[in-house]
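First to last, the protein sequences are chains H and S.
Each residue of the first sequence is one higher than the last, beginning at 59 in the numbering used here.
Each residue of the second sequence is one higher than the last, beginning at 278 in the numbering used here.
In what follows, a structure is listed as structure tokens, so that the remarks can point back to it.
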Amino acid sequence: MEFNKIIKLLIKRHRNELSQSDQEELGHWLKQSDHQHQAKQWDQLWELSGQYKASYQPDLEAGLSRLQNRMKPRPARRRGLRLALALAAVFLLALLPLSRAWWMPTNSEMVLTSGDEPKEYSLPDGSRVQLRENSRISYSSNWKNSRIRALSLEGEAFFQVVSDPSRPFEVRTSQTQVQVLGTAFNLRAYPAEPLTTLTVEEGLVAFSAMQGEQEIQLGARQKALFDHQQQILSRVKGVNLNARSWQTGRLRFRGTPLREVIRELDEHLAVDLILENQTLSECSFTFGSAQGESVNELLENLAISFKAKLEKLDKGRFVLRGGHCNR
Amino acid sequence: MLRRDSQRAVEVLFRQHYAYLCRTAYRLLPDESLAEDLVQEVFYELWKRHAQLTISTSFKAYLRRATVNKALNYLRDNRKLSFDGEETTGIPDPEPGIAQSLEAAELQEKIDEAVDQLPERCRIIFILSRFEEMSYQEIADQLDISPRTVENQISRALRLLRTALGPYLPFILLILSGAGG
């Protein structure tokens, strides 16, 4: 009888799936000399294969606390601790350029994507990512054991990084990289756009261009841009309160130049505002939106404070006619 | 059970099944942190969707099925798994001059290595049949291949394992009986 057939029958016997005729066939074969011995070896091999990866023991408590973390609403962090972390960050950031070489790409990659609507993910270290539409994050599957928590971003995401001073958290985009130890920040890096923008909500972040030496350190409520065409990294002046505005739908400004306000309207709320009078672009604007205030209220407020006229062109497109800086 | 105090219920299920599910995912992938990530997602989704969820089988069966699906989807999405075309086997020849004794830990290593080196789709089919209590038909449906292919691949796996592990069998027997099974 065919050798292969016997193996199939022996496997079937282990699975308790032998039919009457199978049984007869196998019984017949087993009667022949030496066949009992052969069958025994295959049985042993089958038993042995059941030991595959038997030594692996997952960490139940670690897994459970990670899940519990995700199930409960995010707790507020203590301010004193945050300050200490920021100070620690100042010292450790100095060491970071050295550490880049530690990060080695591996063949196995974990991918998180958002598709048509924003999605929230938890990373293996408990850090959280709110991924905006059409965005993608990838990281090596041995992330948990690597010395740098490195990942790549295409698109836009808000990160809340669990502090771990011994393992810097690093986000790479096509043109830039961001390194932190534990903080919350928003990074926007859609490949089709001319700018990569970083807005820090809390903590301290090192933002650098992939090519060359440019690096900026950003603290809480600061924002920086990287211009892909000119390859220039620059800090946006003033305080930025809108790191997570694409999630909340609310924008706030404190003495922000109008040109920056326009960029934020576009980035966060997909609202296109055109200035008829270009000299307005350097005027500063302050607006503290209350819960539930709409984009329309912001735009009306903007028109009033510059004594301009707001006109709606079509959905999401407005033009501001006339006007001048207040004072 | 899940409707009332859902978080506690999910935690209880997690304690009961986490290790088992991680092993299931790990055998398929095989990558520890990836396996744990996927199982984490299974539970997180269970928690998020518990209100809409109707489970007709046991929780264990439901969770296992969800885990197997996730692992297979992962392998597919990352193009680690293709069910068309032939694959070559990476099974090495056994080392000449086998040591006189084989420690249990070494044996574990040999077994893991031998299975890891099976051609990918052969390995996946073998794992599903060996550990996941799935019938040939179920595996065939899951992977969109014929039950005959499933059967062929399983016996192929065993033949390849014999090539890799055969020379160790006499020692293995000693260790297994010594360890009480």
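Where is the CB? At the ideal position from N, CA and C, for every residue including glycine.
For clarity, every value in this text was computed on a predicted model and none was experimentally measured.
Distance, residue j Cα to residue i Cα
| i | j | result |
| --- | --- | --- |
| Ser292/H | Val319/S | 42 Å |
| Leu438/S | Leu306/S | 18 Å |
| Ser339/H | Gln188/H | 31 Å |
| Val329/H | Arg279/H | 22 Å |
| Val319/H | Phe311/H | 8 Å |
| Gln385/S | Cys399/S | 20 Å |
| Ser342/H | Leu283/H | 19 Å |
| Ser123/H | Leu103/H | 39 Å |
| Val294/H | Lys347/S | 43 Å |
| Leu323/H | Leu125/H | 35 Å |
| Ser310/S | Phe336/S | 23 Å |
| Ala215/H | Ser423/S | 43 Å |
| Ala267/H | Ile332/S | 50 Å |
| Ser77/H | Leu67/H | 10 Å |
| Gly374/H | Thr344/S | 43 Å |
| Asp361/S | Asn429/S | Unreliable positioning characterises Asp361/S in this predicted model, as indicated by a pLDDT of 49, which lies under 50. A coordinate reading is not provided. |
| Gln99/H | Leu106/H | 10 Å |
| Pro373/S | Met411/S | Annotation note: pLDDT 43 at Pro373/S (below 50); position unreliable, coordinate value reported separately. So the alpha carbons of these two residues sit roughly 37 Å apart. |
| Arg308/H | Gly346/H | 9 Å |
| Met129/H | Asp282/S | 12 Å |
| Ile416/S | Ser406/S | 7 Å |
Collapsed DSSP secondary structure at residue i in the structure displayed
| i | result |
| --- | --- |
| Leu181/H | coil |
| Lys111/H | coil |
| Leu309/H | coil |
| Pro315/H | strand |
| Glu271/H | coil |
| Lys365/H | coil |
| Ile375/S | Reliability fails at Ile375/S, whose pLDDT of 46 lies under 50, so the model's placement of it is uncertain and the value that follows must be treated cautiously. Ile375/S falls in the coil class under three-state DSSP. |
| Met129/H | helix |
| Gly380/H | coil |
| Lys89/H | helix |
| Thr234/H | strand |
| Leu395/S | coil |
| Leu437/S | helix |
| His72/H | helix |
| Gly240/H | coil |
| Ile401/S | helix |
| Ala328/H | coil |
| Glu60/H | coil |
| Gly374/H | coil |
| Lys281/H | strand |
| Gln188/H | strand |
| Asn346/S | helix |
Beta-carbon gap between residue i and residue j smaller than 8 Å
| i | j | result |
| --- | --- | --- |
| Lys370/H | Phe376/H | yes |
| Met168/H | Asp314/S | yes |
| Leu84/H | Arg71/H | yes |
| Leu211/H | Leu245/H | yes |
| Gly184/H | Val220/H | yes |
| Arg285/S | Phe408/S | no |
| Arg342/S | Tyr114/H | no |
| Gly213/H | Ser193/H | yes |
| Glu178/H | Arg207/H | no |
| Leu254/H | Lys281/H | The residue asked about is misnamed: residue 254/H is Thr in this sequence, not Leu. Result no, Cβ atoms of Thr254/H and Lys281/H do not sit closer than 8 Å. |
| Ser352/H | His326/H | no |
| Gly296/H | Gly313/H | yes |
| Ser224/H | Asp308/S | no |
| Gln394/S | Ala338/S | no |
| Tyr295/S | Pro116/H | yes |
Under 9 Å (Cβ pairs) to chain H, residues found in the stretch 299 to 315 of chain S: Hits within the stretch, in order: Cys299, Arg300, Tyr303, Arg304, Leu306, Pro307, Asp308, Glu309, Ser310, Leu311, Ala312, Glu313, Asp314.
Touch check for the stretch 421 to 439 of chain S and the stretch 61 to 76 of chain H: three-plus C-beta pairs under 8 Å? Between the stretch 421 to 439 of chain S and the stretch 61 to 76 of chain H, the count of C-beta pairs closer than 8 Å reaches three or more; the two stretches touch.
Relative to chain S, which residues along the stretch 186 to 199 of chain H have a C-beta separation below 8 Å, given in chain order? Ser199
With 9 Å as the limit, tell me which residues of the stretch 90 to 120 of chain H have their beta carbon closer than that to any beta carbon of chain S; keep them in chain order. Gln99, Trp100, Gln102, Leu103, Trp104, Glu105, Leu106, Ser107, Gly108, Gln109, Tyr110, Lys111, Ala112, Ser113, Tyr114, Gln115, Pro116, Asp117, Leu118, Ala120
If you measure beta-carbon to beta-carbon, which residues of the stretch 381 to 404 of chain S are closer than 7 Å to chain H? So the close ones are Gln385, Ile388, Asp389, Val392.
If contact means a Cβ-Cβ distance below 8 Å, which residues of the stretch 167 to 186 of chain H contact chain C? Included in the structure are the protein chains H and S, with no chain C among them.
Near-chain S residues of the stretch 65 to 93 of chain H (beta-carbon distance less than 7 Å), N- to C-terminal order: Ile65, Lys66, Ile69
Output needed in chain order: residues of the stretch 316 to 332 of chain S with a Cβ under 8 Å from some Cβ in chain H. Val316, Gln317, Phe320, Tyr321, Trp324: these are the residues of the stretch 316 to 332 of chain S whose beta carbon lies less than 8 Å from some beta carbon of chain H, given in chain order.
Mind checking the stretch 429 to 447 of chain S against chain H and listing, in chain order, the residues whose C-beta falls within less than 7 Å of any C-beta there? Ile431, Ser432, Leu435, Arg436, Leu438, Arg439, Leu442, Leu446
Do the stretch 249 to 256 of chain H and the stretch 228 to 235 of chain H meet, that is, are 3 or more Cβ pairs less than 8 Å apart? yes
Please identify, using Cβ separations under 8 Å, the residues of the stretch 280 to 294 of chain S that lie next to chain H, in order along the chain. Gln284, Val287, Glu288, Phe291, Arg292
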